Structure formats: structure tokens, C-alpha cells
Amino acid sequence: MGDAQRDVEELLKLGKWMDAKPAGLVKVAAGWLKVRDREGVERPLRANAVQRAFERECGRQNIVLKARQMGITTWVAGRFFLKTITARGVMTVQVAQTREAAEGIFRMVQRFWECLPEEMREGVLRRSKANAGQMCFPALDSEFRVVSAGDENAGRGLTIQYLHCSEVSRWPGDAGATLAGLRAALAPGGEMVMESTPNGAYGCFYEEWGRALELGDGTHSGSHRDGGVVRHFFPWWMEEAYVAAPVDALREDELRLVMAHGLTARQMGFRRGLEASYRGLRSQEFAEDAESCFKATGECCFEVEAVEGRLASVGEPLEVRRGGALQVWLPPIAGKEYVVAVDTAGGGADGDFAAVQVIERESGLQCAELQQRLGTLELARVSAELAREYGGAVIAVERNNHGAGVLAYLDSVERYARVYEQGGVAGWLTTAGSKPGMVSRMGALLVESPGMFFSKRLLGECRTFVAMAGGRTGAVNGAHDDCLMAMAIGQVVRAELLGKR
Numbered sequence: 054m055g056d057a058q059r060d061v062e063e064l065l066k067l068g069k070w071m072d073a074k075p076a077g078l079v080k081v082a083a084g085w086l087k088v089r090d091r092e093g094v095e096r097p098l099r100a101n102a103v104q105r106a107f108e109r110e111c112g113r114q115n116i117v118l119k120a121r122q123m124g125i126t127t128w129v130a131g132r133f134f135l136k137t138i139t140a141r142g143v144m145t146v147q148v149a150q151t152r153e154a155a156e157g158i159f160r161m162v163q164r165f166w167e168c169l170p171e172e173m174r175e176g177v178l179r180r181s182k183a184n185a186g187q188m189c190f191p192a193l194d195s196e197f198r199v200v201s202a203g204d205e206n207a208g209r210g211l212t213i214q215y216l217h218c219s220e221v222s223r224w225p226g227d228a229g230a231t232l233a234g235l236r237a238a239l240a241p242g243g244e245m246v247m248e249s250t251p252n253g254a255y256g257c258f259y260e261e262w263g264r265a266l267e268l269g270d271g272t273h274s275g276s277h278r279d280g281g282v283v284r285h286f287f288p289w290w291m292e293e294a295y296v297a298a299p300v301d302a303l304r305e306d307e308l309r310l311v312m313a314h315g316l317t318a319r320q321m322g323f324r325r326g327l328e329a330s331y332r333g334l335r336s337q338e339f340a341e342d343a344e345s346c347f348k349a350t351g352e353c354c355f356e357v358e359a360v361e362g363r364l365a366s367v368g369e370p371l372e373v374r375r376g377g378a379l380q381v382w383l384p385p386i387a388g389k390e391y392v393v394a395v396d397t398a399g400g401g402a403d404g405d406f407a408a409v410q411v412i413e414r415e416s417g418l419q420c421a422e423l424q425q426r427l428g429t430l431e432l433a434r435v436s437a438e439l440a441r442e443y444g445g446a447v448i449a450v451e452r453n454n455h456g457a458g459v460l461a462y463l464d465s466v467e468r469y470a471r472v473y474e475q476g477g478v479a480g481w482l483t484t485a486g487s488k489p490g491m492v493s494r495m496g497a498l499l500v501e502s503p504g505m506f507f508s509k510r511l512l513g514e515c516r517t518f519v520a521m522a523g524g525r526t527g528a529v530n531g532a533h534d535d536c537l538m539a540m541a542i543g544q545v546v547r548a549e550l551l552g553k554r
């Protein structure tokens, strides 16, 4: 056996040892890898309390909710680098939220390699190429890549053994679709870590956290290392550097934390500093529990607790039609009046969803909801069909954009006469002036009368409807607001019709 082959076999043997003895990876990382600390000093990667806890409890699929700068990104980068250079045929991909963040992670991985012994760098771990964000090890047929979540082709065409998704809550565009594509590229038995600080009670990361397996206090039992998605929560006080001048007199909330978690006066001093520096963002950037850190963040236009409370209590629809697109909770009752509200869309296989809400005029109760990609003619037909089913209901169509086409088909094809008019013009016009009132009305109803709403789709959209730059409101990237806007149209039209009686 030649020296090169012997060196490869030694690396493979080390990889198997680390797999069999997780604590061994901590030891190898401290001996082989170097990082720059907060002071810019190069030092060995010795695992801190958070990194040790993650290594102790991690499974094949992991999701990490954390405070800022706890060292998880660094640790996973080091962990996966070691896995890449101690196995054959490995593809490792790290995905950062921005190109700048990806470049920063790759510089860290580059340092890992540069600080290895020269005989390894010039021998078994010689790289065939080290392009921006990519390094290949031909002796092992293994590769390490760092990419941005903004890259539409991230992970496409690859078979990935180790996947690290960093700061998922801040991924641009349709984060859910990006994550789904990367997951599809993960090999059976591959290892995945999703991690992020919180960024509102909505979006891809929030939903992934809610779906993940929770055992005990949120970390994972070693007996389940190969099952489910493991949730890891790391509050700020697990970082030993987060201390400041001690606090003498504790407030009631501080005393509760001290009693619950054994925190010190110096840690409370650090927390006081966070309050002064971050104000309302303290719970986001330096999480203390896995619930309030989500609810304290983001700019949701509605009371998150009210939305979450109703989501937790709603059941399944009484009837489902059109392959699940149309859901019915309350069938029509003779003698009652109804409003059918229509939020139009372009339709087509790749278009936006159209939405139709049927509400009882007197009470505002949600009776039925349709969410489907439909062209204008089909949307007019389905809306008229529902309106006839509900006793000849008034149809209120948002006349913006494609709404004019729906209104025209209601008149010329469906011959439906009971169409809402605003100022003598058929349809409802959503403008920069009318939308805030519509959103405010929905916000009040969600708090005062949440029992009016039965749709999980609608309530989910309420959770992801946020305030944006310039005073605008809308769905976060990758989310929808069509069911919400149809309901908002229905409720404002209902109020107007009741006022005219």
C-alpha cells in the first residue's frame, strides 16, 4: 500500500471513529481546526457549552433556534468540514442568507484547511480547485461548497450528504421552495442542520420549528438520534462571554429568570445592557424562550396571540370540494343573507391564487372558502355558483387588475345581477387609502370575535401578513394573502351593507 493510499485509509478510519464516538469529533476539532475569536485572535476550535450541547444531542435532521453569536454556524462548518475530509464521495453544502454571509463562511472553512498540517495540505488533502465558495479533495472524491440562498440553483443537480442551512428565517424570496429543493437533494441518511435566530411568528423557519420533534426541554434524547427532526434551543445565557457589571436590585422578571435558570447578577447586568441597546428587539436577537422570541419579533399586522389561539382551536371543514380547494363549514340556511367576496388573480399553473370567501351578512361568520389558481372565466363561474347556492348572495369582486374581467364575465356569461357596486361602479376597489381600514377591521375582528373564522389557510395568512417599508402591508416572501384579502373585502362590504339597512 502506497503512502497516499495509507493516508486516505487513516482519514477514513478517523471518520468512522468520530461517527461511533461523537465526543471524539470535539477532540479532533480542537486539535485540527482554528478560528478567529471575537478579538480577532486565531485559536483552536474548542467547543463552548452550546457547541458541546449540540454535538451531544444532534440527530440526522436538526433545527436550531438560538440567540445571536452562539457559535453554531462556526461549529457546524467545522463539524461538516471534518466529515468531508474523513469520508469518500461526500458532498457538503452550506447555505447562507446572503452572498456576503456565504463569503464569510467560506473564509472560515478556508482557514480550517490552511491551518491543517502542511503534509496533509500537500498530500491527501491537496485540493484540485478552490474556486469562490468551493473546494474539492480528489483523493477522497469529496467536495465542500458554500452558497447563497438567493442562488436559484442552490443544490440543484447535486446529491448532498451534509447540508447546513444558516439563518433560514432571513432567507430571501420563497424560502420554503428553496428549502424544499435542497431537501430533495439530500441523500437518504444524509445529515441536515437548519439554524436561525427568530424573525417573527411566521415564515419558513417558524413553520419548520413548529413541525419538528420536541422531546423534554427542546433538546434531543440520544436514544432518538436517528428519528424525526431534533429541536435545539440555545438561550443567550449559555454563552459564557455574555456577562457585564453585576446588578444589585433585581426586578420581578429578572428574579424569575434567576430562580428558573440559576443566572448570576453579572448575567442580569448583561441583560440590562441588551434592553438599553436593543429595546424591543432584545427578545429577537437574544432569545430567552422558544415562544416569546418569535412573538416579539417581526412586524405582523395582527395580534399574534389571537391568531395562534384561534388556529389551535379550529377543526376540519364540514365538506371539502374541488380537490380541497373549496372548504365549507356552514351550509346555507334559508332566510339568511350572504356575501361572496372575490380576490382575483392571474390564474394559470404558475399564477397567483384567486380566493373566494362566503360570509353570513348579519354575523360575519365564515361559511366557505375557495383558494385556487383560476382564470377569470372560471373564477366568475365558480363565484356565481357559490352565490346561487347561498341564496342569491351579493358578490363583491375586487375590481383591481383581473377583477374587471371577472365582473364582465359575471354580467355577460353568468347573467348574475346581485353584484356589489361602489359609487355606482361594479366591484370593490382596494387602494392605498382603503387598504389600511380593511386591515384594521380584520385586526379588530381577530381580537374581538376570533370565532368568526374557521379556515386554517386564512389564519395562517394572517400570521404572515406584515408591515413593510414605506407604510405598505403584505405577505412575507413566499407567503400568500389572497384568502385574507378576500375576507377583508367581505367584511368591509358586509359592514357597508348593514349600514344601509
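Using the working numbering, read the sequence shown as starting at 54 and increasing by one per residue. Backbone N, C-alpha and C define an ideal beta-carbon position, used for all residues, glycine too. Everything numeric in this text was worked out from a predicted model, so none of it was measured.
By the three-class DSSP mapping on this structure, what secondary structure does residue i have?
| i | result |
| --- | --- |
| Ala106 | helix |
| Leu316 | coil |
| Leu418 | coil |
| Leu498 | helix |
| Pro385 | coil |
| Arg452 | coil |
| Phe507 | coil |
| Ala461 | helix |
| Ser487 | coil |
| Ile137 | Looking at the sequence itself, residue 137 is Thr, so the reference to Ile does not match. Here Thr137 sits in helix by DSSP. |
| Val61 | helix |
| Phe406 | coil |
| Ser219 | strand |
| Glu413 | strand |
| Met538 | helix |
| Phe258 | helix |
| Tyr391 | strand |
| Ala433 | helix |
| Phe347 | helix |
| Gln424 | strand |
| Gly523 | helix |
| Glu172 | helix |
| Glu341 | coil |
| Pro97 | strand |
| Ala532 | coil |
Throw me the rounded Cβ distance for the residue i and residue j pair, which I believe falls under 8 Å.
| i | j | result |
| --- | --- | --- |
| Gly458 | Thr429 | 4 Å |
| Ala238 | Gly208 | 4 Å |
| Val41 | Gly112 | Missing from the structure shown is residue 41; the chain here goes from 54 to 554 and no further. |
Return the chain-ordered list of same chain residues with a C-beta closer than 7 Å to the C-beta of residue i, the five sequence neighbours on each side being excluded.
| i | result |
| --- | --- |
| Asn453 | Leu482 and Thr483 |
| Gly445 | Arg471 |
| Ala378 | Leu423, Gln424 and Gln425 |
| Glu434 | One point to set straight first is that residue 434 is Arg, not Glu, in the sequence displayed. Cβ within range, chain order: Glu467. |
| Pro191 | Ser181 |
| Cys515 | Phe355, Val360, Leu499 and Leu537 |
Give every residue of the same chain whose Cβ lies closer than 8 Å to the Cβ of residue i, excluding the five residues on either side of it in the sequence, and list them in chain order.
| i | result |
| --- | --- |
| Gly527 | Phe518, Val519, Met521 and Asp534 |
| Leu551 | Arg414 and Glu415 |
| Thr272 | The pLDDT assigned to Thr272 is 42, lower than 50, so where the model puts this residue is not dependable; a value taken from the coordinates is nonetheless given after this. Correct list, in chain order: Ala106, Glu110, Val283, Arg284, His285 and Phe286. |
| Ser345 | Ser336 |
Indicate whether residue i and residue j have their beta-carbon atoms separated by less than 9 Å.
| i | j | result |
| --- | --- | --- |
| Leu193 | Val61 | yes |
| Lys119 | Glu248 | yes |
| Ser508 | Trp382 | yes |
| Val79 | Gln104 | yes |
| Leu211 | Ile138 | no |
| Ala155 | Gly186 | yes |
| Met491 | Ala532 | no |
| Ile417 | Arg547 | Just to set this straight, residue 417 is Gly in the shown sequence, not Ile. Contact: yes. |
| Pro288 | Arg319 | no |
| Gly243 | Gln214 | yes |
| Val395 | Val409 | yes |
| Gln150 | Pro241 | no |
Can you tell which of the options has its C-alpha closest to the C-alpha of residue i?
| i | options | result |
| --- | --- | --- |
| Gln424 | His314, Ala329, Leu511 and Ala470 | Leu511 |
| Tyr473 | Leu427, Tyr391, Gly226 and Pro489 | Tyr391 |
| Met188 | Asp204, Gly203 and Met161 | Met161 |
| Thr231 | Glu248, Gly203, Gly242 and Ala265 | Gly203 |
| Phe347 | Tyr259, Leu499, Thr145 and Gly157 | Tyr259 |
| Arg643 | Val199, Phe190 and Glu292 | With the chain running from 54 to 554 in the structure shown, residue 643 is simply not present. |
| Glu153 | Ser201, Glu196 and Phe190 | Ser201 |
| Val246 | Phe286, Val357, Gly226 and Asp227 | Phe286 |
| Gly523 | Glu305, Glu205 and Ala485 | Ala485 |
| Ala254 | Ala313, Leu364, Gly368 and Arg236 | Leu364 |
| Phe197 | Thr145, Gly229 and Pro384 | Thr145 |
Using a Cβ-Cβ cut-off of 6 Å (strictly less than) and excluding sequence neighbours within five positions of residue i, which residues of its own chain qualify?
| i | result |
| --- | --- |
| Gly77 | Trp70 and Met71 |
| Phe323 | Tyr295, Val296 and Ala297 |
| Gly480 | Val450, Arg452, Gly456 and Leu460 |
| Tyr432 | Before going further, note that residue 432 is Leu rather than Tyr in the sequence given. Within the same chain, Leu432 has close Cβ partners Ala407 and Val459. |
| Gln147 | Ile158, Val199 and His217 |
| Gln114 | Met245 and Val282 |
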